[in-house]
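**Q**
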Amino acid sequence: MADISFLLLIFFLVTTSMDVNQGLARRLPAPIPPDQKIEDTDINKRNLLVVKINSANQLMVQGQEIDIKQLRTKAKEFISNVDDNPYLPKLFEDDFGAPIGTVKYTKEHVISVQNDVDTQYQAYLNVQNELVAAYNELRDECAHKYFHKSYNELEEDQQKQIQKIYPQKISEAEPKNYGN
Amino acid sequence: MAKIRRNEKREMPALNTSSLPDIIFMLLFFFMSVTSMKEVTYKVQFQNPQATELTKLEKKSLVRYIYVGTPTAEFRKQYGHETRIQLDDAFADKSEIGDYIVNERSAMKEQDQGLMTVSIKADKETRMGVIADIKQELRRAYALKISYAATQRTSY
Chain A
1237 MADISFLLLI
1247 FFLVTTSMDV
1257 NQGLARRLPA
1267 PIPPDQKIED
1277 TDINKRNLLV
1287 VKINSANQLM
1297 VQGQEIDIKQ
1307 LRTKAKEFIS
1317 NVDDNPYLPK
1327 LFEDDFGAPI
1337 GTVKYTKEHV
1347 ISVQNDVDTQ
1357 YQAYLNVQNE
1367 LVAAYNELRD
1377 ECAHKYFHKS
1387 YNELEEDQQK
1397 QIQKIYPQKI
1407 SEAEPKNYGN
Chain B
764 MAKIRRNEKR
774 EMPALNTSSL
784 PDIIFMLLFF
794 FMSVTSMKEV
804 TYKVQFQNPQ
814 ATELTKLEKK
824 SLVRYIYVGT
834 PTAEFRKQYG
844 HETRIQLDDA
854 FADKSEIGDY
864 IVNERSAMKE
874 QDQGLMTVSI
884 KADKETRMGV
894 IADIKQELRR
904 AYALKISYAA
914 TQRTSY
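These protein sequence lines map, in sequence, to chains A and B. Following my numbering, the numbering of the first sequence begins with 1237 at its first residue and continues without gaps. Following my numbering, the numbering of the second sequence begins with 764 at its first residue and continues without gaps.
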């Protein structure tokens, strides 16, 4: 009996791997139908945060070179625009239902990530990670404020309410060659 | 009368092993639950990038993988050092991704087809040109739910 189970145990040890399937979940935009003309959607300048990564993995946000560690606070500032700064996205007011009520939020903000063909995958993922982290932190703060719980502990429809206040809008441009 | 036995040899009792199978089975089940079967044999080598905002891929049957990296030592002679894409058990060109996804999706149950997730397992040194090509192919094949496989980062 023990021999058989030993054998099974060793078989499983050999054929399996310990790595868990974890990853940064993202959603790609739907493809543009070939008969449709590509329209330049007019996005107001204040609603747009441009994050560029060049081939040397350097980061540029709104024309300023910054460090990856500053990106999260920059993105949070941009998404929430607490002080109604005229250079940050326009604030809209909407009713999100009880118990949140009417809240100001930046409805039309877009974060655009542009990378070079030679950008390293890790650098690109760092940027994506920081942006997702910014959204997650804002949602978590919001959850604590209105539900006194962390975002992950909320019910699904409560999470949806918060998602409406902070919708994830990360757009990705086609890769181009920058700074060669 | 009590007898004093002095010359008789005392033998140690044999260890009771009747619970050994239970213990081993317990170990076996532990390993079975925490590990996952290898999906394929890797022909490319890659080291996952690191990130913090990770989500777990829930249903294994709904996930398809795309491996990106440099060929392993045994294939290097044949395929060189350039970054390559692996689908299932074979090297593939980026133009084959679309067909692969469509095939895999049509093999799924109808109600599951919209839930298919594509996990991109790429080396952290990969250049974004390759990844962008893959993403374009996935968009064209309407596989919009993707996940960049990564490991948990503990610090900067």
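Ideal Cβ positions, reconstructed from N, Cα and C, are used throughout, including at glycine.
Is F1314(A) closer than 9 Å to P1322(A) when the C-beta atoms are compared?
**A** No; because the gap between Cβ atoms is not below 9 Å, this pair is not in contact.
**Q** Mind listing the chain E neighbours of A885(B)? Cutoff is C-beta to C-beta under 8 Å, in chain order.
**A** Any reference to chain E falls outside this structure, whose protein chains are A and B.
**Q** Against chain B, does T1309(A) count as a neighbour if the rule is that its beta carbon must be under 9 Å from one of theirs?
**A** Answer no: the Cβ-Cβ gap between T1309(A) and chain B never drops below 9 Å.
**Q** Taking Cβ-Cβ distances below 7 Å as the criterion, which residues of the stretch 827-852 of chain B are in contact with chain A?
**A** So nothing in the stretch comes that close.
**Q** If I measure Cβ to Cβ from N1416(A) and keep anything under 6 Å in the same chain, skipping five residues before and after, which residues do I get?
**A** Only weak support exists for where N1416(A) lies, its pLDDT of 42 falling under 50; the value from the coordinates is given anyway. Here the set comprises nothing.
**Q** Thinking C-beta only, is V831(B) closer than 9 Å to I883(B)?
**A** Cβ distance < 9 Å, so I883(B) and V831(B) count as in contact.
**Q** Do you know offhand how far T804(B)'s Cα is from F838(B)'s?
**A** Each residue's alpha carbon lies about 13 Å from the other.
**Q** Taking its Cβ as the centre, do 16 or more other Cβ atoms sit within 10 Å of M891(B), making it buried, or is it exposed?
**A** Burial call: buried.
**Q** Measuring only between beta-carbons, confirm whether E877(B) sits less than 9 Å from chain A.
**A** Per the sequence presented here, residue 877(B) reads as Gly, with Glu not at that position. No, no contact with chain A.
**Q** By the criterion of Cβ-Cβ separation under 7 Å, what are the contact partners of F1242(A) in chain B?
**A** In chain order: I787.
**Q** Cα-Cα, which of N1283(A), A1261(A), P1269(A), F1248(A) is closest to Y905(B)?
**A** Closest option to Y905(B), Cα to Cα, is P1269(A).
**Q** Beta carbon of I1289(A), beta carbon of A1370(A): below 9 Å?
**A** Taking 9 Å as the Cβ cut-off, I1289(A) and A1370(A) do not qualify as a contacting pair.
**Q** For a contact defined as C-beta to C-beta under 9 Å, what are the partners of M871(B) on chain A?
**A** Per Cβ cutoff of 9 Å: no residues; M871(B) is ~18 Å from chain A at best.
**Q** Three-state secondary structure (DSSP) at R761(B)?
**A** Residue numbering for chain B in the displayed model covers 764 to 919; residue 761(B) lies beyond these limits and cannot be assessed.
**Q** Starting from A777(B), find everything on chain A with Cβ-Cβ shorter than 8 Å and list it in chain order.
**A** Within chain A, no residue comes near A777(B); the closest Cβ sits about 15 Å away, beyond 8 Å.
**Q** Answer with buried or exposed for V893(B), where buried requires no fewer than 16 other C-beta atoms within 10 angstroms of its C-beta.
**A** Buried, because 16 or more other Cβ atoms sit within 10 Å of the Cβ of V893(B).
**Q** Note the first and the last residue of the continuous beta strand (DSSP E) segment covering R740(B).
**A** Within the shown structure, residues of chain B are numbered from 764 to 919, placing residue 740(B) beyond reach of any answer.
**Q** So within the stretch 1269-1318 of chain A, which uninterrupted beta strand (DSSP E) runs reach at least 3 residues, ignoring any that extend past its ends?
**A** 1284-1289, 1295-1297, 1300-1302, all fully within the stretch 1269-1318 of chain A.
**Q** To the nearest angstrom, report how far apart Q1300(A) and T833(B) are at their CA atoms.
**A** Spanning the two alpha carbons is a distance of roughly 35 Å.
**Q** Following the continuous alpha helix (DSSP H) through Q841(B), name the residue where it begins and the one where it ends.
**A** That run of the alpha helix (DSSP H) goes 839-842.
**Q** E900(B) versus chain A: which residues are under 8 Å apart at the beta carbon?
**A** Ordered by position in chain A, no residue passes the 8 Å Cβ test against E900(B), which lies about 10 Å from the chain.
**Q** Could you tell me the alpha carbon to alpha carbon distance between P1403(A) and C1378(A), rounded to whole angstroms?
**A** Rounded to whole angstroms, P1403(A) to C1378(A) spans 13 Å at the Cα level.
**Q** First and last residue of the alpha helix (DSSP H) that includes F794(B)?
**A** 783-797 is the span of the alpha helix (DSSP H), which, as asked, contains F794(B).
**Q** Does the stretch 782-801 of chain B come into contact with the stretch 1384-1403 of chain A, if we say contact requires no fewer than three beta-carbon pairs (one atom in each stretch) closer than 8 Å?
**A** The answer is no - the stretch 1384-1403 of chain A does not touch the stretch 782-801 of chain B, with fewer than three Cβ pairs under 8 Å.
**Q** Out of curiosity, what's the CA-to-CA distance linking P1395(A) and Y911(B)?
**A** It should be pointed out that residue 1395(A) corresponds to Gln in this sequence rather than to Pro. So the two alpha carbons sit approximately 23 Å from each other.
**Q** Does any C-beta atom of chain A lie closer than 9 Å to the C-beta of L783(B)?
**A** Closer than 9 Å: yes.
**Q** Against chain A, with Cβ distances strictly below 9 Å, would I860(B) count as a contact?
**A** It does not; no Cβ of chain A falls within 9 Å.
**Q** Determine the extent of the beta strand (DSSP E) in which A1409(A) is found, giving its start and end residues.
**A** Looking at the DSSP string, A1409(A) is not in any beta strand (DSSP E), and its letter there is neither H nor E.
**Q** Would Q808(B) count as contacting chain A if we go by Cβ distances under 9 Å?
**A** By this cut-off, Q808(B) is not an interface position.
**Q** For E1408(A) versus V1353(A), is the C-beta distance shorter than 9 Å?
**A** It is not a contact, given that the beta carbons lie outside the stated cut-off.
**Q** Give the secondary structure of L907(B) by DSSP, where H, G and I count as helix, E and B as strand, and everything else as coil.
**A** DSSP places L907(B) in coil when its eight states are reduced to three.
**Q** To which residues does DSSP link S1348(A) through a beta bridge?
**A** In DSSP, S1348(A) forms a bridge with V1286(A), S1407(A).
**Q** To the nearest angstrom, report how far apart E821(B) and I1240(A) are at their CA atoms.
**A** Those two C-alpha atoms are separated by around 32 Å.
**Q** Mapping the DSSP letters down to three states, classify D1331(A) as helix, strand or coil.
**A** Strand, per DSSP.
**Q** Can you confirm whether S882(B), when its beta carbon is compared against all beta carbons of chain A, has any partner nearer than 9 Å?
**A** At least one chain A Cβ lies under 9 Å of S882(B).
**Q** How big is the Cα-Cα spacing for V797(B) and G1259(A)?
**A** Distance between the alpha carbons of V797(B) and G1259(A) is about 18 Å.
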